[in-house]
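Some notes on the structure that comes next.
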């Protein structure tokens, strides 16, 4: 089996996005290291600010959409009331068409508010993969596990120390259960050095303070390497007393003051999300509107869900959410001031003119297509008429004398009478039909 680079995600879209985020974070982490501040928490903060600054044009566009939506919502409500209770296909299609015209009138897209969410979701899922296994994406952090991993491999290539169990059959080191199958993988048992060392790194990356102490007691000959690695990783991962590689639920299990520290991240994540929602322009909708009711519920539930997720995910995810919300709040304040100064009616008028121009272009294109189609049918009809008249095809290839002779023959045929239903009668009928002579014989 080919060697793998730790446990990177190979999921469609998520994998490449995680690679890109890891590349950016590694660059930021390198710069922080050069100035004496090699900290993953700081790298997350800087990267989050960069991400949301890059998304600023989309944020402004979304806020303009929200502002315009407040203007157009009464018209949409009026259309919805007009077709209320009418579920036939014609009514549904008519309602959709009228609502579409309202959106075109105001120059906005019905999916305008979804674009930012569609961009954020892959980033969020990719960040989870990066924070879940930082050494896989940040080579500088991976280097912190050496020379400990090299020496541990020489001492115990089978990793028996790491998967040791107590009398009750439980692993003595935390986090081993999620990697237990890796120790029985064919690549591991076949002695794939890269695979084995990467497995060791994955396991050691989940170590807590107590685990490092236990490992030092088990392998006293590597105590210096263990202490150096633990100290270096603590410098990288510790942000304001919180290990960003650990989840708040794990931190909380230690008891004491750590319970309070562990709850800070979920609380701040929920609060900043709620504040961000409050600052966003809200569409004015009917109090009885089901959509409005759903949105109000979502505005309450989303911050609460953020707290729940942050409690069980690595603290780095919570830090990303908090910083992201803070950045959006600052952006929101300035964007709101900017939009408040804008003349919304003038903006609507310009958008209406653009929509009118687009509609005119569509009509012109449709008319051109219709004319082209009609011309094609006319040409095709002319071709069929020429093609169906054998004499006309021959005339273009005959000399004047031959044309005169054929014309005399045609004139002589016109006066002849044929027995009805005979072969000659039918042939003469076909000839007269091709020549456009509808007179009965």
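Numbering (the numbering used here), first residue to last: 1440 to 1880. Note that CB positions come from ideal geometry on N, CA and C, so glycine has one too. Treat the numbers as computed from the prediction; the structure is a model and nothing was measured.
Specify the secondary structure class of residue 1698 as computed by DSSP and reduced to three states.
Note: residue 1698 maps to helix in three-state DSSP.
What do you reckon, are the CB atoms on residue 1487 and residue 1762 nearer than 7 Å?
Remark: C-beta atoms of residue 1487 and residue 1762 approach each other more closely than 7 Å.
I believe residue 1752 touches residue 1686 by the beta-carbon criterion, under 8 Å. Please report the beta-carbon distance rounded to the nearest angstrom.
6 Å between Cβ atoms; contact.
From the DSSP output, read off the bridge partner residues of residue 1677.
Partner(s): 1682.
Do three or more CB pairs link the segment 1569 to 1580 to the segment 1453 to 1470 at distances below 8 Å?
Segments in contact, yes.
Just the Cα atoms here: how many angstroms apart are residue 1543 and residue 1535?
Straight-line Cα distance between these residues: approximately 12 Å.
Indicate the three-state DSSP secondary structure (helix, strand or coil) for residue 1826 in the structure shown.
Below a pLDDT of 50, predicted positions are generally treated as unreliable, and residue 1826, at 49, falls in that range; the measurement from the model is reported next regardless. Helix.
Excluding the five sequence neighbours on either side, which residues of its own chain have a C-beta within less than 8 Å of the C-beta of residue 1639, listed in chain order?
Cβ contact annotation for residue 1639 (same chain, cutoff 8 Å, sequence separation greater than five): 1584, 1588, 1591, 1592, 1598, 1601, in chain order.
With distances taken between CB atoms, is the gap from residue 1705 to residue 1743 smaller than 7 Å?
For residue 1705 and residue 1743, no; Cβs fall outside 7 Å.
Can you find the residues in the same chain that come closer than 8 Å, C-beta to C-beta, to residue 1903, ignoring five residues on each side of it along the sequence?
This structure does not reach residue 1903, given that the chain is present from 1440 up to 1880, and the question cannot be answered.
Given this structure, state the Cα-to-Cα distance separating residue 1712 from residue 1760, to the nearest angstrom.
Residue 1712 and residue 1760 have their alpha carbons spaced roughly 8 Å apart.
Along the alpha helix (DSSP H) that carries residue 1522, what are the first and last residues, could you check?
Membership of residue 1522 in any alpha helix (DSSP H) is not indicated, and neither H nor E is assigned to it by DSSP.
Residue of 1767, 1799, 1678 minimising C-alpha distance to residue 1479:
Nearest of 1767, 1799, 1678 to residue 1479, Cα basis: 1678.
Along the chain, where does the alpha helix (DSSP H) that runs through residue 1590 open and close?
First-last of the alpha helix (DSSP H) with residue 1590: 1587 to 1594.
As assigned by DSSP and simplified to three states, the class of residue 1806
Of the three classes helix, strand and coil, the one that applies to residue 1806 here is helix, per DSSP.
Buried or exposed by the 16-neighbour rule on C-beta atoms within 10 Å, applied to residue 1811
Looking at its Cβ environment, which holds fewer than 16 other Cβ atoms inside 10 Å, residue 1811 is exposed.
Should residue 1781 be labelled buried (16 or more other beta-carbon atoms within 10 Å of its own) or exposed?
By the 10 Å Cβ count, residue 1781 comes out exposed.
Looking at the unbroken alpha helix (DSSP H) that takes in residue 1493, where does it start and where does it end?
Boundaries of the alpha helix (DSSP H) around residue 1493: 1479 to 1493.
If you draw a straight line from the C-alpha of residue 1881 to the C-alpha of residue 1682, how long is it?
Residue 1881 lies beyond the range of the chain shown here (1440 to 1880); nothing can be said about it.
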